[in-house]
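**Student:** Residue numbers (my numbering): 2 to 314.
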């Protein structure tokens, strides 16, 4: 038996396996699938997948959601759970990686719960690498915000006023020397990263602003609507190299909280690289606390070519 592409009518039963949590013994519920489908629709994902065996009782499932910015988000079934065969699951994932090798994506990534041991082993066996852990944090916006003095020469410039070209240029300058997933700089262009941000902007209400002090660009703050009702997401905030260590980060986070509140959100959420100590300290000063953690695995285009040679795909 070989793997086969997942036809659109068979995507829902495949997702039931791909969306299983680390401690689940049975496929995901219809409610879980519906919530994910709503999110995928909002993000305008293009989805491809492979399965091994019958559509309703597969021995292996691997799904890729193609995202803006030439990134693919991978999901797999859990080897050894709910009738999934470990070897069949590996073959299914390898076949999907071979499909992605011929696309224009720059990299694939997977987010796992910390205790998702079986999937982590599967990914390593297939040739993916661990990048880091992400902390998901939030702050209750119904509580008083930390005080933050705004300089008299500060000016907030919207993306509409600044224009996408200038905004993208400033974001590129904030990436220099970044401690947030620095591996991405090795294979993802600023234009690709910006395209990913734009996708979140187009998914719902947003507030994107450039901070200038005395007319000079200092940093950017990107706030979009969150995945759940009443939430807003700090998609990105960054400070240009020359302005770091001078309190600009506090201005950006305080602005994010202010803009989220003005949009009637009751909670602000974000994700941050667990290794980014300055950002962790910054967010802590503004009351953000960790609520979840995810392990990040990835493979670049060159990795996919190497994986293909190893597996003979």
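Don't be surprised by glycine CBs; every beta carbon is placed ideally from N, CA and C.
The structure displayed is predicted, hence computed values, not measured ones.
Could you give the uninterrupted runs of the beta strand (DSSP E) lying entirely in the segment 101 to 155, keeping only those of 3 residues or more?
**Tutor:** Taking only runs of at least 3 residues, the beta strand (DSSP E) segments lying wholly in the segment 101 to 155 are 108 to 113 and 130 to 141.
**Student:** Mind checking residue 88: buried by the 16 CB within 10 Å criterion, or exposed?
**Tutor:** By the neighbour-count rule (16 or more Cβ atoms within 10 Å), residue 88 is not buried but exposed.
**Student:** Per DSSP, which residues does residue 53 bridge with? Please list them.
**Tutor:** Beta-bridge partners assigned by DSSP to residue 53: 4 and 61.
**Student:** Please report the straight-line C-alpha distance between residue 187 and residue 256, rounded to a whole angstrom.
**Tutor:** 30 Å
**Student:** Compare the Cα-Cα distances from residue 42 to each of 254, 228 and 244 and report the closest residue.
**Tutor:** 228
**Student:** Alpha carbon to alpha carbon, what distance is there between residue 300 and residue 3?
**Tutor:** Computed Cα separation, rounded: 24 Å.
**Student:** Tell me, which residues are paired with residue 295 by DSSP?
**Tutor:** 135
**Student:** Quick one: Cα of residue 203 to Cα of residue 197, how far?
**Tutor:** Answer to the nearest angstrom: the Cα atoms are 10 Å apart.
**Student:** If you drop the 5 nearest sequence neighbours on each side, which residues of the same chain put their C-beta closer than 6 Å to that of residue 80?
**Tutor:** 87, 90, 119 and 123
**Student:** Whole angstroms are fine: how far does the CA of residue 134 sit from the CA of residue 275?
**Tutor:** 5 Å
**Student:** Any chance the segment 241 to 261 sits against the segment 149 to 162, with 3 or more Cβ pairs inside 8 Å?
**Tutor:** yes
**Student:** Can you name the start and end residues of the alpha helix (DSSP H) that residue 217 belongs to?
**Tutor:** No alpha helix (DSSP H) holds residue 217; the beta strand (DSSP E) holding it covers 217 to 226.
**Student:** Taking the beta carbon of residue 290 as the centre, do at least 16 other beta carbons fall within 10 Å, making it buried, or is it exposed?
**Tutor:** Classification for residue 290: exposed.
**Student:** Please state whether the Cβ-Cβ distance between residue 242 and residue 178 is less than 9 Å.
**Tutor:** yes
**Student:** Would you mind stating whether residue 1 and residue 210 have Cβ atoms separated by less than 9 Å?
**Tutor:** In the structure as shown, the chain begins at 2 and stops at 314. Residue 1 is therefore absent and cannot be evaluated.
**Student:** What would DSSP say about residue 253, mapped onto helix, strand or coil?
**Tutor:** Assignment of residue 253 by DSSP, reduced to helix, strand and coil, places it in the helix class.
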